[in-house]
Amino acid sequence: MKYSFTFILICIIVGVGCKGPKKNASLPDYLPVAMDIMGHFEVEQERKENTQTHITLKSGEDVLIIKSHPNMDSDSARNKMNKRKVLVESIFKEQPSPYPGKFSNSIRCPEKYKPIEYKEEGDDWKFSYHLYANKRFVYGGCTEISSYYESSYTFFYCSKSDQLFEIKYFTPAAEPQNPIAPFIQSIQCK
Numbered sequence: 241m242k243y244s245f246t247f248i249l250i251c252i253i254v255g256v257g258c259k260g261p262k263k264n265a266s267l268p269d270y271l272p273v274a275m276d277i278m279g280h281f282e283v284e285q286e287r288k289e290n291t292q293t294h295i296t297l298k299s300g301e302d303v304l305i306i307k308s309h310p311n312m313d314s315d316s317a318r319n320k321m322n323k324r325k326v327l328v329e330s331i332f333k334e335q336p337s338p339y340p341g342k343f344s345n346s347i348r349c350p351e352k353y354k355p356i357e358y359k360e361e362g363d364d365w366k367f368s369y370h371l372y373a374n375k376r377f378v379y380g381g382c383t384e385i386s387s388y389y390e391s392s393y394t395f396f397y398c399s400k401s402d403q404l405f406e407i408k409y410f411t412p413a414a415e416p417q418n419p420i421a422p423f424i425q426s427i428q429c430k
C-alpha cells in the first residue's frame with residue numbers, strides 16, 4: 241500500500257502521467273506511405289470517416305497531418321487535388337481592396353510568402369506547395385507575424401494501393417526542425 245502511494249505520488253510530481261508512453265511514430269501498416277521524417281513523431285489522434293483515415297502526429301511544435309483517400313484511380317485523385325489547388329491559390333490572388341485609397345487599391349501577398357510548387361510525375365505522382373500558415377494551421381500567412389509555421393501541403397498518389405494522400409507538415413518558421421524540400425522529396429509508397 242505504501243509503495244503504490246509512493247509510485248502515484250512520483251508519477252504526479254514527475255508528470256509522467258502513469259498512462260504509459262504514446263504510440264510510436266511509425267505509420268500504421270494499412271497506410272502504404274513512408275517518409276524519412278517519421279522516426280521522432282508521436283501519434284496524437286487517429287480517426288476514420290467512411291473509408292478515409294485521418295492521422296495527426298506531433299513532435300514538439302512540429303505537426304504532421306495525413307489524410308488518406310482509398311480506392312481512387314489516378315484521374316479521380318488528380319480531380320480532387322485540382323479542386324484543393326483552386327482553394328489554396330485563391331488565398332494568394334491579388335484582390336481589390338475593400339477600402340481603396342491613396343496608398344493601395346488592392347490586397348496582395350509579397351512574393352516571399354507566396355506558395356512555391358513542387359511536382360513529380362509518374363505512376364506515383366506528387367504535387368506540393370511550400371507555404372506559410374498561422375498558429376492555427378491556416379494557410380495564407382503573408383507577413384512575418386502571421387507566418388508562424390513554414391509548411392508543406394502535399395498531394396501524393398500511390399498507384400500500388402490506388403490511394404491519394406493529403407499530407408500537411410507544419411514546422412515553426414523561426415526554427416524549422418526539418419527542411420521542407422527534403423521532407424517532400426522523401427514521401428514515397430512502401
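For the sequence shown, my numbering assigns the number 241 to the initial residue and increments by one for each residue that follows. Idealized CB from N, CA, C, for every residue including glycine. Remember, predicted model here, so these are calculated numbers, not experimental data.
- Here Tyr-369 is buried, its C-beta having at least 16 other C-beta atoms within 10 Å.
- Rounded to the nearest angstrom, the Cβ distance from Ser-426 to Met-312 is 22 Å, too far for a contact under 8 Å.
- Between the C-alpha atoms of Ala-414 and Lys-430 there is a straight-line separation of about 32 Å.
- Here Glu-282 is actually not in contact with Lys-307; their C-beta atoms are around 18 Å apart, not less than 8 Å.
- As for any beta strand (DSSP E) of minimum length 3 sitting wholly inside the region 399 to 430, the runs are 403 to 412, ordered along the chain.
- For the pair Pro-419 and Tyr-393, the Cα-to-Cα distance works out to about 14 Å.
- Within 10 angstroms of the beta-carbon of Lys-408 lie 16 or more other beta-carbons, which makes it buried.
- Inclusion of Glu-334 and Ser-346 in the CB contact set at 7 Å is warranted, their separation being smaller than that value.
- Counting along the chain, the unbroken alpha helix (DSSP H) around Ile-331 starts and ends at 314 to 331.
- With contacts defined as CB atoms closer than 7 Å, Phe-405 and Val-273 qualify as a contacting pair.
- Secondary structure of Asp-364 (DSSP, three-state): coil.
- No Cβ-Cβ contact shorter than 7 Å links Gly-381 with Ile-331.
- Residue burial annotation: Leu-327 is exposed, with fewer than 16 other C-beta atoms found within 10 angstroms of its C-beta.
- For Arg-348, there is no enclosing beta strand (DSSP E), as DSSP marks it with neither H nor E.
- Under DSSP, Glu-286 forms a beta bridge with Ile-295.
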